[in-house]
Amino acid sequence: MEPRNPDYARRVEEIFRKAAFVMDVGYELVSIHPGRVETRLTVAPRHLQQDDVIHMGVQATMADHTAGSAAGSLIAEDQMVLTTGFTMNLLQAAVGQELRCRAQVLRAGRTLSVVESEVYAVARGEEKLVSKATVTLAVLARKR
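Counted the way the numbering used here counts, the sequence shown spans residues 108 to 251.
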């Protein structure tokens, strides 16, 4: 997949920096490639639910924002993406010291993009797939 913006990596970094909630939770960019983005989160007690499992909301936000960043890597400078549909399957309890998310654009259309996000919990250096999301995003004119 070819990016429409030659400065796509800077744009994805900007998408991350400007999302106050995402920054507050603590997600970090790991890698940016056209149509693919990886993020990570160092898990803290505030990310856990009552049974010491990483909260589904933490996983969902990570999957959504990483997917948006992957889709954002392929759009033109004067465009933006906005989630219009989101389906997530929780595959097992998320337990670990870190979460990693890898998002891959499946289809980059003129008006819609479809992205798959996989979230992994890392415990003692071992990754386990804990959730998977399919995210549909509208490609819109960017408001200046």
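By construction, the Cβ of each residue, glycine as well, lies at the ideal position given by its N, Cα and C atoms. These numbers come from a predicted model, not from an experiment.
In its own chain, which residues sit with a C-beta less than 7 Å from the C-beta of T191, not counting the 5 before and 5 after it?
-> T243, L244, A245
Tell me, please, which residues DSSP counts as bridged to L189.
-> A245
Is the beta carbon of T146 sitting closer than 8 Å to the one on M163?
-> no
In three-state DSSP terms, what is Y227?
-> strand
Looking at the unbroken alpha helix (DSSP H) that takes in R118, where does it start and where does it end?
-> 115-124
One or two residues paired with L155 in a DSSP bridge | I161
Do the stretch 171-178 and the stretch 211-228 make contact, defined as three or more Cβ pairs closer than 8 Å?
-> yes
Simplified DSSP state of A200, which is helix, strand or coil = coil
Quick one, are the C-beta atoms of Q211 and V237 less than 8 Å apart?
-> For Q211 and V237, no; Cβs fall outside 8 Å.
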